[in-house]
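Chains as they are written, first to last, in the working numbering: chain Z, 1 to 289; chain G, 1001 to 1289; chain R, 2001 to 2289; chain A, 3001 to 3289. The beta-carbon is built from N, C-alpha and C at its ideal position, and this holds for glycine as well. Accompanying notes for the structure given below.
4 protein chains.
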Amino acid sequence: MSDYKITFLIQCHDSKGIISKVTTFFYEEGFNILSCQQFTDNIQEAYFMRVSLDAKDLTYSREELKSRFAKVAHSLSLKWRVHFTEDKENVVVLASKTTHCLFDILEKHGEGKLHCHIPLIIANHESIKYVADQFGIPFHYLPITGENWRERQGVILKLLVEHHVDLIVMARFMRILSSDFINHYQEKIINIHHAFLPAFQGANPYKRAYERGVKMIGATAHYATDDLDEGPIIEQDVERVSHASTPSSLAQIGSDIERKVLSKAVKYHLDHRIIVTGNRTIVFPETED
Amino acid sequence: MSDYKITFLIQCHDSKGIISKVTTFFYEEGFNILSCQQFTDNIQEAYFMRVSLDAKDLTYSREELKSRFAKVAHSLSLKWRVHFTEDKENVVVLASKTTHCLFDILEKHGEGKLHCHIPLIIANHESIKYVADQFGIPFHYLPITGENWRERQGVILKLLVEHHVDLIVMARFMRILSSDFINHYQEKIINIHHAFLPAFQGANPYKRAYERGVKMIGATAHYATDDLDEGPIIEQDVERVSHASTPSSLAQIGSDIERKVLSKAVKYHLDHRIIVTGNRTIVFPETED
Amino acid sequence: MSDYKITFLIQCHDSKGIISKVTTFFYEEGFNILSCQQFTDNIQEAYFMRVSLDAKDLTYSREELKSRFAKVAHSLSLKWRVHFTEDKENVVVLASKTTHCLFDILEKHGEGKLHCHIPLIIANHESIKYVADQFGIPFHYLPITGENWRERQGVILKLLVEHHVDLIVMARFMRILSSDFINHYQEKIINIHHAFLPAFQGANPYKRAYERGVKMIGATAHYATDDLDEGPIIEQDVERVSHASTPSSLAQIGSDIERKVLSKAVKYHLDHRIIVTGNRTIVFPETED
Amino acid sequence: MSDYKITFLIQCHDSKGIISKVTTFFYEEGFNILSCQQFTDNIQEAYFMRVSLDAKDLTYSREELKSRFAKVAHSLSLKWRVHFTEDKENVVVLASKTTHCLFDILEKHGEGKLHCHIPLIIANHESIKYVADQFGIPFHYLPITGENWRERQGVILKLLVEHHVDLIVMARFMRILSSDFINHYQEKIINIHHAFLPAFQGANPYKRAYERGVKMIGATAHYATDDLDEGPIIEQDVERVSHASTPSSLAQIGSDIERKVLSKAVKYHLDHRIIVTGNRTIVFPETED
Chain Z
1 MSDYKITFLI QCHDSKGIIS KVTTFFYEEG FNILSCQQFT DNIQEAYFMR VSLDAKDLTY
61 SREELKSRFA KVAHSLSLKW RVHFTEDKEN VVVLASKTTH CLFDILEKHG EGKLHCHIPL
121 IIANHESIKY VADQFGIPFH YLPITGENWR ERQGVILKLL VEHHVDLIVM ARFMRILSSD
181 FINHYQEKII NIHHAFLPAF QGANPYKRAY ERGVKMIGAT AHYATDDLDE GPIIEQDVER
241 VSHASTPSSL AQIGSDIERK VLSKAVKYHL DHRIIVTGNR TIVFPETED
Chain G
1001 MSDYKITFLI QCHDSKGIIS KVTTFFYEEG FNILSCQQFT DNIQEAYFMR VSLDAKDLTY
1061 SREELKSRFA KVAHSLSLKW RVHFTEDKEN VVVLASKTTH CLFDILEKHG EGKLHCHIPL
1121 IIANHESIKY VADQFGIPFH YLPITGENWR ERQGVILKLL VEHHVDLIVM ARFMRILSSD
1181 FINHYQEKII NIHHAFLPAF QGANPYKRAY ERGVKMIGAT AHYATDDLDE GPIIEQDVER
1241 VSHASTPSSL AQIGSDIERK VLSKAVKYHL DHRIIVTGNR TIVFPETED
Chain R
2001 MSDYKITFLI QCHDSKGIIS KVTTFFYEEG FNILSCQQFT DNIQEAYFMR VSLDAKDLTY
2061 SREELKSRFA KVAHSLSLKW RVHFTEDKEN VVVLASKTTH CLFDILEKHG EGKLHCHIPL
2121 IIANHESIKY VADQFGIPFH YLPITGENWR ERQGVILKLL VEHHVDLIVM ARFMRILSSD
2181 FINHYQEKII NIHHAFLPAF QGANPYKRAY ERGVKMIGAT AHYATDDLDE GPIIEQDVER
2241 VSHASTPSSL AQIGSDIERK VLSKAVKYHL DHRIIVTGNR TIVFPETED
Chain A
3001 MSDYKITFLI QCHDSKGIIS KVTTFFYEEG FNILSCQQFT DNIQEAYFMR VSLDAKDLTY
3061 SREELKSRFA KVAHSLSLKW RVHFTEDKEN VVVLASKTTH CLFDILEKHG EGKLHCHIPL
3121 IIANHESIKY VADQFGIPFH YLPITGENWR ERQGVILKLL VEHHVDLIVM ARFMRILSSD
3181 FINHYQEKII NIHHAFLPAF QGANPYKRAY ERGVKMIGAT AHYATDDLDE GPIIEQDVER
3241 VSHASTPSSL AQIGSDIERK VLSKAVKYHL DHRIIVTGNR TIVFPETED
């Protein structure tokens, strides 16, 4: 087994024979299937598939593979995409004042646990520049006000294009992106919300969690969409709290959940484990492929 | 140590010397303090205390104890109540069609884990009578429609009074009690909501959890108040789910969370571990008192 | 989709083309694959598969299906078995003095959540007969001493054979079965150990957990083997405890974990989600097949 | 309320009147009690107490406070110690090759979440120096072999004395300290073991967890004692895994548990929440004092 893999993500209307035809194609092309995961959504009558292949079995060009698979896909009406592990995605992190999520991403990236390049960190608070400096990653400081926010988004978009960005991670970036911006990067912006959605959408979730007297708090990583905090959920987790927790201690406890949840979501995305369907995500479990 | 305990629940404005004065009172009256738990709410500037005493140290009457403590309480402006374990509370369970919560309460009661009498089960579905029969508990079937619901609540109230009921447990009872009813039993009605409140208040939480694509589901036990699903939360818990979960499998997974959460909340109430303050609960952790 | 399913569990040495050939067989035989789950163990170079089919697509006899699949299996060197949901397994529960696990199994069975018959409960304490009576299940009381235990196992074996038992559930049955007994029912005896194995194997785990001062306790459901508490683990779970927990409160907290873990393991077994390999289990996640 | 607190940790044989006498002392000395936590161990007949005071109420010298309290303590046979938040503890981190625990400690320290100084990091692998450099903390590289390990411990001891070290954190430091070393720092060395103790004591826990086929893995922070991995447990946590996890993926999943558990244990220690009794720890829950 080589270190390089080829990952297909496939979705279609559920019907007989798809798995047989798809796996037979890969078999006949000479591939060893490292893992083949499927999910049949009986409610939507939809079928989802993630196939991971050993890249060393590819005896011709990538373009040729795509072209050959496209024929099968066409005959079966598949919606599909393919990823090659040699192609590391470019990830830009947007941050504000808090550093815990940013640290976790940079650390895991530094330890080789997140398969990507991070060409740039953009933040609207200069106070966190030291984190970028620590990890030797370029830092772009962008002061933002209510007035200049529209214009600043143009600057960010330009930076993203310049850096050929594939994924934007909002690591507790406390600004709401415009619809225009989001539409440029559909299913390519991951946000962390510091609450167990759909509880406490919007601002100040820890304060509201305190006031509501909840006994657990959580965090939610989701793809950003037009509707604030309404995008497809990728990962969530919670921690037990008590009456003794204040809004500020909730924020402390929450910070460890946020970082864990966001890093997991980013990893699932980079490992091509996620298919979005409607407002839900299929997240294929981690395997050793 | 005898099996019998005396439990004081105390709240007041926070000020110097309260713990000293209260504990000195019990000491001077000859009591061994089995456990003394406190919580200072710095935001509300409020002080909460639970003191558990060995009942064998009581050398005079209960009334005398109350009267003596009342003097201390008055001088310190304490709000307080006292419970004697000899006095088992009377608990009536309201149920509808599902049996998992009802079973758990009856089982734990049968095993001696819930310190109470259960003189009656009331349900609007006769199909679950067999559960009451199994445990030899009187069952009152009360068919309910939209039209007769107001009148039926009168019947229930009458039954509750007849049975000197101290606590009402809504074990997935799918009807909304009127304000009048609830006001008769403030902080004496525990409801289980089949979602992680404040997410998915109201009807069909599992269906809505499915549609929202959450990655964990939960359940919440709370005191019933006028505002549906808005009462003080006693206990919550969650379980991980995935895209593969349908509304019906969520309901299955959820049923194990519901029963656990409801039984815990009922136990906390019966062990006099809960003080309600505003819309929040102080739940003193379990101890070996 | 009918209510009836056909489930194949397959294992073999990992090699190219297996999934293609197996799924093509089912496709060509006219089956709709409800779910197809796989796992490749790269360390053992082994391949595992669970295929669930819609039974209404079976247009010929079960024997014919087995015979046709046997040919494919032979050509691919598959080890396999097939289950038809019409065939409910016969499950006998062995219990001693505590009732929580027994209750959970009987309740879930009563609610239709465990797909099996329960023809008999065998216990060495008559005090729990009332539970069997509640659920209307025959109860066999078998007083056991150190001296008669060998002979008693013979009696149990005879009862199991009489009732055509497919699965034996040890619901906190506090006796150690002989190797002879266990060898009669390999991968057909599920035991619950009241600790997070391999911690606290053997007797008195809660007492030892207390003495060791652990901050979480757990329970483990596993297939019984010759080596006490060493069999393949099916399911585990834990709960947080504290210094305030005594051996008896640990046992109380633990009882809720035990019942949950044991019932899950039994359900996985009855839903044919488990393949044992060496001393490990593959447990295919729950799906809506 | 000032930012400074005075924390008393007290233990004694359980007897009537202790809480009354201790709290009355603080009240009469003019202190506002920020929090008062107690635990009565009925099995050991021992009593434990943590009292947190507002330092601004201290109207005389620290020495005078100690001397006055010593009289009360003597009359009640209390074992006690007192901590002043102005006195930050000096913490040295020992590490080897992996960086996740080290990162978490340094980050939380940098964010002000760990109340201490970190004057030095000592490691037997130079490859992790960059982490110390990132955070601007002196790094001492100490190559260790089987032969020089005894001598190297002398060097470490000397460094610890030079830096007036109060707490040693073994952040996945893969060497076993000698009894001599440990006896110098009783209850002052916190180690993280990468398993849910007492499961998988000793070397290679993730490999052994894989072989045993456990369904959850964990980590344990404990005080180091003579008996390897047998010291008093401070904190534990677990995460669910599956048959699909290999030893290396277990190590990855485990790394997030380890860092969380170790940082929590260090925080509990630095906040003076821990009393060791026998081989167990009392960990008073976090409060807003």
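query: Please name the residues in the segment 3203 to 3230 of chain A whose beta-carbon is closer than 7 Å to at least one beta-carbon of chain R, in chain order.; result: Arg3212, Gly3213, Val3214, Lys3215 and Met3216
query: Quick check on this structure: which residue in G:Lys1113, G:Arg1062 and G:Arg1081 has the alpha carbon closest to the alpha carbon of Cys1012 of chain G?; result: G:Arg1081
query: Please report the Cβ distance between Thr1281 of chain G and Pro1232 of chain G, rounded to the nearest whole angstrom; I am assuming they are in contact, meaning their Cβ atoms lie under 8 Å.; result: 5 Å
query: Specify, as a first and last residue, the run of the beta strand (DSSP E) that Asp1237 of chain G falls within.; result: Ile1233 to Arg1240
query: Would a check of beta-carbon distances place Ile1006 of chain G closer than 8 Å to chain Z?; result: no
query: Leaving aside the five residues before and after Lys5 of chain Z along the sequence, list all residues of the same chain whose C-beta is less than 7 Å from its C-beta, in chain order.; result: Leu34, Ser52, Leu53, Asp54, Ala55, Thr85 and Asp289
query: Kindly indicate if chain Z contains any beta-carbon less than 8 Å away from that of Ile1189 of chain G.; result: no
query: Under 8 Å between the Cβ atoms of Asp2983 of chain A and Ala3219 of chain A?; result: Outside the modelled stretch of chain A, which goes from 3001 to 3289, sits residue 2983 of chain A, for which no answer is possible.
query: Grouping DSSP H, G and I as helix and E and B as strand, with all else coil, what is Arg2273 of chain R?; result: coil
query: Does DSSP put His3184 of chain A in a helix, in a strand, or in coil?; result: helix
query: Taking Cβ positions, are Leu1250 of chain G and Ile1274 of chain G nearer each other than 8 Å?; result: no
query: If you measure between the beta carbons of Phe196 of chain Z and Ala1070 of chain G, is that distance less than 8 Å?; result: no
query: Compare the C-beta of Glu235 of chain Z against all C-beta atoms of chain G and say whether one is closer than 8 Å.; result: yes
query: If we define contact as Cβ-Cβ less than 8 Å, is His74 of chain Z a contact residue for chain D?; result: Within the model displayed, chain D is absent; protein chains Z, G, R and A are what it includes.
query: To which residues of the same chain is Asn1279 of chain G closer than 6 Å at the C-beta, ignoring the five residues directly before and after it?; result: Pro1232
query: Leaving out the 5 sequence neighbours to the left and right, which residues in its chain are closer than 6 Å to Met3170 of chain A when beta-carbon positions are compared?; result: Leu3094 and Asn3191
query: Distance cutoff 8 Å, beta carbons only. Does Cys2036 of chain R sit that close to anything in chain Z?; result: yes
query: Could you work out which residues of chain A lie near Phe39 of chain Z, taking near to mean beta carbons separated by less than 9 Å?; result: What Phe39 of chain Z touches in chain A: nothing, since even the nearest Cβ is about 16 Å away.
query: 8 Å is my cut-off, CB to CB: does Thr2287 of chain R come that close to chain G?; result: yes
query: Below 8 Å between beta carbons: does that hold for His2272 of chain R and Thr2007 of chain R?; result: yes
query: Would you call Gly3254 of chain A buried or exposed, if buried means 16 or more other Cβ atoms sit within 10 Å of its Cβ?; result: buried
query: Of the residues G:Pro1143, G:Thr1277 and G:Phe1031, which one's Cα is nearest the Cα of Gln1044 of chain G?; result: G:Thr1277
query: Check for me: the beta strand (DSSP E) holding Gln1008 of chain G runs from which residue to which?; result: In the sequence under discussion, the amino acid at residue 1008 of chain G is Phe, which differs from the Gln named in the question. First-last of the beta strand (DSSP E) with Phe1008 of chain G: Lys1005 to His1013.
query: Output the distance between the C-alpha atoms of Gly2213 of chain R and Pro2247 of chain R, rounded to the nearest integer angstrom.; result: 10 Å
query: Return the residue from the list G:Glu1111, G:Lys1021, G:Ser1179 and G:Leu1102 that minimises the CA-CA distance to His1074 of chain G.; result: G:Lys1021
query: Check whether the Cβ atoms of Val1092 of chain G and Leu1120 of chain G lie closer than 8 Å to each other.; result: yes
query: Could you check whether the Cβ of Pro2232 of chain R sits closer than 7 Å to any heavy atom belonging to the ligand PLP?; result: Looking for the ligand PLP in the displayed structure turns up nothing, as the structure carries no ligands at all.
query: Given a cut-off of 8 Å, decide if Glu3107 of chain A and Arg3068 of chain A are closer than it, judged by their beta-carbon atoms.; result: no
query: Taking all protein chains shown into account, decide if Glu3147 of chain A is buried (16 or more other Cβ within 10 angstroms of its Cβ) or exposed.; result: exposed
query: Quick test of your reading: Arg3259 of chain A and Cys3101 of chain A, contact by CB under 8 Å. State the CB separation rounded to the nearest angstrom.; result: 5 Å
query: Quick check: the Cα distance between Lys16 of chain Z and Tyr1206 of chain G, rounded to an integer number of angstroms?; result: 30 Å
query: Does any C-beta atom of chain R lie closer than 8 Å to the C-beta of Ile192 of chain Z?; result: no
query: Chain G partners of Asp2256 of chain R, CB-CB under 7 Å?; result: Lys1260
query: Do Arg1050 of chain G and Leu1009 of chain G have their beta-carbon atoms positioned less than 8 Å apart in this structure?; result: yes
query: Return no unless some Cβ of chain G is closer than 8 Å to the Cβ of Met1 of chain Z.; result: At Met1 of chain Z the pLDDT is 45, less than 50, meaning the model places this residue with poor confidence; the figure from the coordinates comes in the next sentence. No - not a single Cβ of chain G is within 8 Å of the one on Met1 of chain Z.
query: In chain A, which residues lie less than 8 Å from Phe1245 of chain G when you measure between Cβ atoms?; result: For clarity, residue 1245 of chain G is Ser in the given sequence; the question names Phe instead. Under the 8 Å cutoff, chain A gives no residues; its nearest Cβ is about 16 Å from Ser1245 of chain G.
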